[in-house]
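Note that the protein sequences, when read in sequence, are chains A and B.
Once you know that position 178 of the first sequence is 178 in our numbering, the rest is easy, because the numbers rise by one and skip nothing.
Once you know that position 329 of the second sequence is 671 in our numbering, the rest is easy, because the numbers rise by one and skip nothing.
Protein chains: 2
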Amino acid sequence: MAGMQAGGSGARGRPTMKDVAESAGVGLKTVSRVVNGEPGVNPATAEKVQTAISKLGFRRNDSARILRRGNTASIGLVLEDVADPFYSGLTRAVEEVARGHDSLVFAGSSDEDPDRERELTLAFCARRVEGLIVVPAGDDHEYLAPEMAAGVAAVFVDRPAGGIKADAVLADNAGGTREGVEHLLHHGHRRIAFLGDSPQIFTAKERLRGYREAIEAAGLAVDADLVAMFPPRAEAIRQALDRLLGGDRPATALFAGNSRVTVAVLRELVHRRGRPALVGFDDFELADLLSPGVTVVAQDPIGLGRTAAELLFQRLAGDRGPARRIELSTRLIPRGSGEVSP
Amino acid sequence: MAGMQAGGSGARGRPTMKDVAESAGVGLKTVSRVVNGEPGVNPATAEKVQTAISKLGFRRNDSARILRRGNTASIGLVLEDVADPFYSGLTRAVEEVARGHDSLVFAGSSDEDPDRERELTLAFCARRVEGLIVVPAGDDHEYLAPEMAAGVAAVFVDRPAGGIKADAVLADNAGGTREGVEHLLHHGHRRIAFLGDSPQIFTAKERLRGYREAIEAAGLAVDADLVAMFPPRAEAIRQALDRLLGGDRPATALFAGNSRVTVAVLRELVHRRGRPALVGFDDFELADLLSPGVTVVAQDPIGLGRTAAELLFQRLAGDRGPARRIELSTRLIPRGSGEVSP
DNA sequence: CTGAAAGCGCTTACAG
DNA sequence: CTGAAAGCGCTTACAG
């Protein structure tokens, strides 16, 4: 009878505490005590249990444990693309903090698709993650309201949430851009072009704002012909540069709105004579090894991830204060490309 | 009585199917049917259930579902460091394939620490992931034998498992290096140095083997003075280059064992006069924009991740064949740095 | 078309 | 020091 279903799972399933209990000839609760290192078990009994555990290859099923206890000890991370160095640094920082809180991380890439963001986020919620860190693709997050009302903590990074009140950890996009553009102004440039990303992206809008502010603060007028806002693809960049650097009043300097734009611009400039000054938002590896080195406004992906994760665990620890918005400052790194005169 | 614990969770917990059933005045099973889109529910009844779901903010608890059904629809990914572009590309590819199989991904970085690798892997097993994709940090994976015996599928990537038979998806490390070194030989170099990584890393050993084979195939003797195997840190690289490029018989060409070595070498070469030829294993962003462009032996991180994940899901689908070892070929990309004569 | 009962593998009171 | 009973939130047979 007992023998029929004893032994470490004839068919498929894994041995359970019940199997271990039978094999060791003790009660289920005693096995639980040994597995969880609870005190008050006779050493000889514990020994028998350990033997059974090894023999059967038992490993506690944390899913069952989680269901009973209620805390899943896991968080979800939704970002645009883990393969992007900016986000992979951020991911690593989140992992690091989660580890310090004995929490596991579910991760997924939204590919800048709002539906995919929602799908991933809600899948994580169905798995009952305790918290979420989201780099939003969409601008409407009302779908998260019921989850947050039910106790799921959420921190948005890089871009704020839309339609709900939630914590956000952002870079100082406008301020950083202002500093970068001022740097170009100080070097004598008056025709400075701004090459941004899609105008619906929050960071792109903010950086454009910073550009405008710097130009206007210098007593100049913002020339719409000097502003280009679109996703950085080679062909589009080429045409934009043709326009910006040609004509009778060409731009003498470029501000690139993110590292993808910067790199696309660099690839295109290689084929041209005469280099405009260049400052890019976002640092990137090897920027210092190019000639000239590329001057950038560096943000801090590790800091963004760490700050967001720490804020999340603070919320999970009971912090019920109002939604916070934290802005991390940026840093101008002059390397050569931004220090040339018109 | 019933009212006491009805309503959508007064205290903390989330509403359950039971709550929805009570609120809608139907049976539990009917709620389950509606939630899971099972056919055969009276439209009017389904409507009532939907209303209750929205009102209470119900979302199915997938952890409970998983416990009952037995399939967790999740896999674990353990790698060295998500922040490394090589691994973040691989991660993205795994995510992509997992998504196609409706599976979620737990991810963690081992930091090249065998204990951390084991800890992460077993934590994933305790969460009952169905499969594992592991970039091993250690060389002993017997700890996984009970898990694999219990049905957990495992595929190793970039480096093979140690102590157990398991699927492995690798780059053609030796072959790729051979091709790179032969390229330098064809350009007339006879004193070619090899700068590898720590000799205990599988890929470093394999690439060194390829180097040796190429040198010997050319009828030359491997000069131990031309081989340097250590983690790529600036100071160590500087000293190695002093030694390799100085003296009376300096190396005229360098083969760098991975992209971190390549970049460290480039940073150091900037400060020196006279550039040796250079070929590096691993491609990296902007390699083409440096001057000269850096010739590399490119491996395919996306391909490694995709292949490993596809193999894993093949196993999960029932493939019980013997452990496989798949080698992905590499590709030499000449860009300038490797095409200069002594 | 609908629902009551049993059970997934644990932990939580509770009683010896 | 030890263990039997109940329950976490679902799904799986099974019976109306």
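Every residue gets a Cβ at the ideal spot worked out from N, C-alpha and C, and that includes glycine.
Just so you know, these numbers come straight off a predicted model, no measurement behind them.
Where residue i falls: helix, strand or coil (DSSP)
{"i": "Val-420(B)", "result": "strand"}
{"i": "Asp-624(B)", "result": "coil"}
{"i": "Arg-402(B)", "result": "coil"}
{"i": "Phe-428(B)", "result": "helix"}
{"i": "Ala-492(B)", "result": "coil"}
{"i": "Val-447(B)", "result": "strand"}
{"i": "Phe-536(B)", "result": "strand"}
{"i": "Ala-560(B)", "result": "coil"}
{"i": "Leu-596(B)", "result": "strand"}
{"i": "Gly-382(B)", "result": "coil"}
{"i": "Ala-98(A)", "result": "helix"}
{"i": "Val-227(A)", "result": "strand"}
{"i": "Ala-161(A)", "result": "coil"}
{"i": "Ala-277(A)", "result": "strand"}
{"i": "Arg-410(B)", "result": "helix"}
{"i": "Leu-266(A)", "result": "helix"}
{"i": "Leu-631(B)", "result": "coil"}
{"i": "Leu-370(B)", "result": "helix"}
{"i": "Val-129(A)", "result": "coil"}
{"i": "Arg-209(A)", "result": "helix"}
{"i": "Ser-341(A)", "result": "coil"}
{"i": "Ala-123(A)", "result": "helix"}
{"i": "Pro-15(A)", "result": "coil"}
Residue i versus residue j: straight-line alpha-carbon distance, rounded
{"i": "Val-497(B)", "j": "Arg-306(A)", "result": "31 Å"}
{"i": "Asp-158(A)", "j": "Ala-46(A)", "result": "51 Å"}
{"i": "Glu-521(B)", "j": "Arg-434(B)", "result": "28 Å"}
{"i": "Glu-627(B)", "j": "Ser-679(B)", "result": "15 Å"}
{"i": "Gln-392(B)", "j": "Ala-415(B)", "result": "26 Å"}
{"i": "Ala-386(B)", "j": "Leu-370(B)", "result": "16 Å"}
{"i": "Ala-234(A)", "j": "Asp-113(A)", "result": "22 Å"}
{"i": "Val-279(A)", "j": "Leu-254(A)", "result": "6 Å"}
{"i": "Arg-320(A)", "j": "Asp-642(B)", "result": "46 Å"}
{"i": "Asp-84(A)", "j": "Pro-427(B)", "result": "8 Å"}
{"i": "Ala-535(B)", "j": "Arg-591(B)", "result": "12 Å"}
{"i": "Asn-258(A)", "j": "Asp-481(B)", "result": "41 Å"}
{"i": "Leu-328(A)", "j": "Ser-198(A)", "result": "23 Å"}
{"i": "Ile-611(B)", "j": "Leu-289(A)", "result": "It should be pointed out that residue 611(B) corresponds to Leu in this sequence rather than to Ile. Rounded to the nearest angstrom, the two C-alpha atoms are 10 Å apart."}
{"i": "Arg-315(A)", "j": "Ile-302(A)", "result": "20 Å"}
{"i": "Lys-547(B)", "j": "Tyr-553(B)", "result": "10 Å"}
{"i": "Asp-514(B)", "j": "Asp-625(B)", "result": "14 Å"}
{"i": "Ala-6(A)", "j": "Gly-57(A)", "result": "Reliability of the predicted coordinates at Ala-6(A) is poor, the pLDDT of 29 falling under 50, and the value obtained from them is presented with this limitation in mind. Rounded to the nearest angstrom, the two C-alpha atoms are 13 Å apart."}
{"i": "Leu-245(A)", "j": "Arg-335(A)", "result": "22 Å"}
{"i": "Ile-333(A)", "j": "Ala-479(B)", "result": "35 Å"}
Contact test: residue i Cβ vs the ligand HEM heavy atom, cutoff 7 Å
{"i": "Glu-339(A)", "result": "For the structure depicted, the ligand HEM is absent and the ligand set is empty, with no information on it obtainable."}
Contacts around residue i, its chain only, beta-carbon distance under 7 Å, and the 5 residues preceding and following it disregarded
{"i": "Asp-81(A)", "result": "Tyr-87, Ser-109 and Asp-111"}
{"i": "Met-4(A)", "result": "Note that Met-4(A) scores 31 on pLDDT, short of 50, meaning its location in the model is unreliable; the coordinates nonetheless yield the value given after this. Same-chain partners within the cutoff: there are none."}
{"i": "Arg-551(B)", "result": "Ala-516"}
{"i": "Arg-617(B)", "result": "Leu-611"}
Cβ neighbours of residue i in the same chain (closer than 6 Å, five flanking residues each side left out)
{"i": "Arg-375(B)", "result": "Val-383"}
{"i": "Arg-14(A)", "result": "none"}
{"i": "Phe-466(B)", "result": "Gly-418 and Phe-448"}
{"i": "Ala-344(B)", "result": "Because the pLDDT at Ala-344(B) is just 28, under 50, the model does not fix this residue reliably, and the value given afterwards should be weighed accordingly. None."}
{"i": "Asp-167(A)", "result": "Val-155, Leu-311, Ala-323 and Arg-324"}
{"i": "Ile-66(A)", "result": "Thr-72"}
{"i": "Thr-604(B)", "result": "Ala-598 and Gly-622"}
{"i": "Ser-351(B)", "result": "Residue confidence is low: Ser-351(B) scores 32 on pLDDT, short of 50, so the model does not pin down where it sits. No coordinate-derived value is stated."}
{"i": "Leu-104(A)", "result": "Ser-74"}
{"i": "Val-135(A)", "result": "Leu-79, Glu-80, Val-157 and Asp-158"}
Residues bridged to residue i [DSSP beta-bridge criterion]
{"i": "Ala-168(A)", "result": "Phe-156(A) and Arg-325(A)"}
{"i": "Ile-675(B)", "result": "Val-638(B)"}
{"i": "Ile-201(A)", "result": "For Ile-201(A), which the question treats as bridged, DSSP gives no partner whatsoever."}
{"i": "Val-134(A)", "result": "Val-78(A) and Phe-156(A)"}
{"i": "Ala-582(B)", "result": "According to DSSP, Ala-582(B) bridges with nothing at all."}
Report the residues of the stretch 80-104 of chain A with a CB closer than 7 Å to any CB of chain B, ordered along the chain. Asp-81, Val-82, Ala-83, Pro-85, Ser-88, Gly-89, Thr-91, Arg-92, Glu-95 and Leu-104
Any residues in the stretch 265-295 of chain A with a beta carbon nearer than 9 Å to a beta carbon of chain B? Which ones, in chain order? Leu-266, Arg-267, Val-270, Phe-284, Glu-285, Leu-286, Ala-287, Asp-288, Leu-289, Leu-290 and Ser-291
Against chain B: residues of the stretch 50-63 of chain A by CB proximity under 7 Å: Gly-57, Arg-59, Arg-60, Asn-61, Asp-62 and Ser-63
Name, going along the chain, the residues of the stretch 493-504 of chain B whose beta-carbon falls closer than 8 Å to a beta-carbon of chain A. Gly-493
Between the stretch 365-376 of chain B and chain A, which residues of the former have CB atoms less than 9 Å from a CB of the latter, in chain order? none
Interfacial residues, the stretch 121-135 of chain A to chain B, with Cβ spacing under 9 Å: Leu-122, Ala-123, Phe-124, Cys-125, Ala-126, Arg-127 and Arg-128
Residues, ordered as in the chain, of the stretch 294-312 of chain A that lie near chain B by beta-carbon distance below 7 Å: none
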